[in-house]
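K.L.:
There are 2 protein chains.
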Amino acid sequence: MDVKKDGPKPDPGFVSLLTQLYKALNRRTGEDLLGMRFKPYMTLGYIRDHPGTTQHELESALFMDANSVVLILNELEAAQFSVRRRDPHDRRRHIVEITASGRRALERADKARESLEDEVLRALSPEERKTVRGLLERVLESMYSEARV
Amino acid sequence: MDVKKDGPKPDPGFVSLLTQLYKALNRRTGEDLLGMRFKPYMTLGYIRDHPGTTQHELESALFMDANSVVLILNELEAAQFSVRRRDPHDRRRHIVEITASGRRALERADKARESLEDEVLRALSPEERKTVRGLLERVLESMYSEARV
DNA sequence: TATTGTTATACTCTATAACTATA
DNA sequence: TATAGTTATAGAGTATAACAATA
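Protein chains in written order, with this note's numbering: chain A, 415 to 563; chain B, 415 to 563.
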């Protein structure tokens, strides 16, 4: 029972949908909102949640290349939000850790991010938000496991 | 009743989730797959589905800036997939239309896109795919209406 | 004076390869 | 020789402002 309101509804496709949402979101996640740019924010969140992580792990976890990781960590260190120190067991590795002030900045940014999400997802009920997040997480996880093959 | 499998499961947030999915997807949508780059493909799809659209409409519908629209249309015209012609009622405007060969190229690309999506969404059942698409469409629509305010 | 589209410019992001230091 | 990280470079994406034509 397809209700056709305005002609044959074209199927934009999941990928296009995601791309448009990404762009729409990017427009409203300025540095002024989070207190830092979005990618460093996302990276710092991962660092906090995965103590003792390495740059290599950041690459694969956040789908970034080595170069971007370096640049973002430079930025985070310049703001004194994170530090790199050599892994004593393998001196090629850097262990990345969040600082106390990084933790505070991240908590502030998290609050801003939450209110942004409330605004962005206002069309959805709490249960629907949970649903969409759960589904997207599963999609992402399947992409990780595929990448590992 | 939170099942804690591996410590306090951090909430990555909808925005981060979307960003990672976007990046993961971008890595596998090369030109060789669709026969054209992804953004022109997405744009051409909109042009087909909205006959008589203008560049200004493309901007707001696809969350692009005027500059990007010009560049993408240049690319599409070079490939003879679309044409711009002056609107006789307002000679400042360009009316953008898909060509016959653009339509054929788009149909081929659509097939490739569908098989890509099958692969990307393989973690989800058909009903779940419908659900996630429907929810994301609603989020996007609410962002449009907000942008209009 | 405002709008549509174009051009120019700069800045970010991404991808790649060359380099270093360690293993 | 292989790996972790860094640096350098080029390409694509995005944002901004100046501009021409038209309203």
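Cβ atoms here follow ideal geometry from the backbone N, Cα and C, with glycine treated the same way.
1. Check for me: the beta strand (DSSP E) holding residue 504/A runs from which residue to which?
2. Could you tell me the boundaries of the alpha helix (DSSP H) in which residue 442/A lies?
3. Which one or two residues does DSSP pair with residue 496/B in a beta bridge?
4. Which residue from 539/A, 552/A, 538/A and 541/A puts its Cα closest to that of residue 543/B?
5. Using a Cβ cut-off of 8 Å, pull out every chain B residue sitting near residue 437/A, in sequence order please.
6. Is DSSP giving residue 479/B helix, strand or coil here?
7. Where residue 477/A and residue 500/B are concerned, what is the direct C-alpha to C-alpha distance, given to the nearest angstrom?
8. Using a cut-off of 9 Å between C-beta atoms, extract the partners of residue 432/A located in chain B.
9. Flag this pair as yes or no: are the beta carbons of residue 427/A and residue 489/B separated by less than 9 Å?
10. Note down, in chain order, all residues in the region 454-473 of chain B with a beta-carbon under 9 Å from any beta-carbon belonging to chain A.
11. Determine the closest residue to residue 517/A out of 447/A, 493/A and 547/A, with distance taken between C-alpha atoms.
12. When you compare only the Cα positions, how much space is there between residue 454/B and residue 513/A?
13. Exposed or buried, which one is residue 432/B when buried takes at least 16 other CB atoms within 10 Å?
14. What does residue 556/A touch in chain B if you count any residue whose Cβ is under 9 Å from its own?
15. Secondary structure at residue 423/B, three-state DSSP: helix, strand or coil?
16. Can you give me the C-alpha to C-alpha distance between residue 457/B and residue 473/B, rounded to a whole angstrom?
17. Near residue 497/B, what residues of its chain come up, given a Cβ to Cβ distance below 7 Å and the 5 sequence neighbours on each side ignored?
18. If the cut-off is 8 Å on Cβ atoms, which residues from the region 488-506 of chain B count as contacting chain A, listed in chain order?
19. Identify the continuous alpha helix (DSSP H) that holds residue 456/B and give its terminal residues.
20. Assuming residue 554/B and residue 438/A make a contact with CB atoms under 8 Å, what is their CB distance in whole Å?
21. One question on the structure: do residue 545/B and residue 535/A come within less than 9 Å of each other, judged by their Cβ atoms?
22. Name the residue from 466/A, 446/A, 450/A and 430/A whose alpha carbon lies nearest to the alpha carbon of residue 486/A.
P.N.:
Taking the structure as given:
1. Sequence index remark: in the first sequence, residue 504/A carries index 90 (1-based). Residue 504/A -> beta strand (DSSP E) spans 504-512.
2. As a working mapping, residue 442/A is identified with position 28 in the first sequence. Bounds of the alpha helix (DSSP H) holding residue 442/A are 428-442.
3. Taking the first residue of the second sequence as 1, we reach residue 496/B at position 82. For residue 496/B, the beta-bridge partners assigned by DSSP are 512/B.
4. On the second sequence, residue 543/B is found 129 positions in, with the first residue counted as 1. Per the Cα distances, 552/A.
5. Stepping through the first sequence from its first residue, residue 437/A is reached at position 23. What residue 437/A touches in chain B: 476, 477 and 478.
6. Start at 1 with the first residue of the second sequence, and residue 479/B comes out as number 65. Three-state DSSP puts residue 479/B in coil, outside helix and strand.
7. By one-based count along the first sequence, residue 477/A stands at place 63. By one-based count along the second sequence, residue 500/B stands at place 86. Note on geometry: alpha-carbon atoms of residue 477/A and residue 500/B lie some 43 Å from one another.
8. Within the first sequence, residue 432/A is the residue found at index 18, counting from 1. 432, 435, 436, 439 and 550, listed in chain order.
9. The residue given as residue 427/A occupies position 13 in the first sequence. The residue given as residue 489/B occupies position 75 in the second sequence. It is not a contact, given that the beta carbons lie outside the stated cut-off.
10. 455, 456, 459, 460, 462, 463 and 464
11. Within the first sequence, numbered from 1, the residue matching residue 517/A stands at position 103. Looking at the Cα atoms, 493/A is the closest of the given residues.
12. On the second sequence, residue 454/B is found 40 positions in, with the first residue counted as 1. On the first sequence, residue 513/A is found 99 positions in, with the first residue counted as 1. Computed Cα separation, rounded: 43 Å.
13. If you number the second sequence from 1, residue 432/B lands on position 18. With 16 or more Cβ atoms within 10 Å of its Cβ, residue 432/B is classed as buried.
14. The residue labelled residue 556/A in the question sits at position 142 within the first sequence. Simply 534, 535, 536, 537 and 538.
15. As a working mapping, residue 423/B is identified with position 9 in the second sequence. Only weak support is given to the placement of residue 423/B: the predicted model assigns it a pLDDT of 44, under 50, and the value that follows is read from those uncertain coordinates. In this structure, residue 423/B counts as coil in the three-state DSSP scheme.
16. Position 43 of the second sequence, counted from the first residue, corresponds to residue 457/B. Position 59 of the second sequence, counted from the first residue, corresponds to residue 473/B. One alpha carbon belongs to residue 457/B, the other to residue 473/B, and they sit about 10 Å apart.
17. Numbered from 1 along the second sequence, position 83 holds the residue referred to as residue 497/B. Within the same chain, residue 497/B has close Cβ partners 491, 511 and 513.
18. none
19. Mapped onto the second sequence, residue 456/B falls at position 42. Per DSSP, residue 456/B belongs to the alpha helix (DSSP H) from 452-463.
20. As a first step, residue 554/B must be located in the second sequence, where it is residue number 140. As a first step, residue 438/A must be located in the first sequence, where it is residue number 24. About 7 Å separates the two Cβ atoms, so the contact holds.
21. The residue you call residue 545/B lines up with position 131 of the second sequence. The residue you call residue 535/A lines up with position 121 of the first sequence. No, the pair does not count as a contact, with Cβ atoms beyond the cut-off.
22. In the first sequence, residue 486/A corresponds to position 72, counting from 1. Answer by Cα proximity: 450/A.
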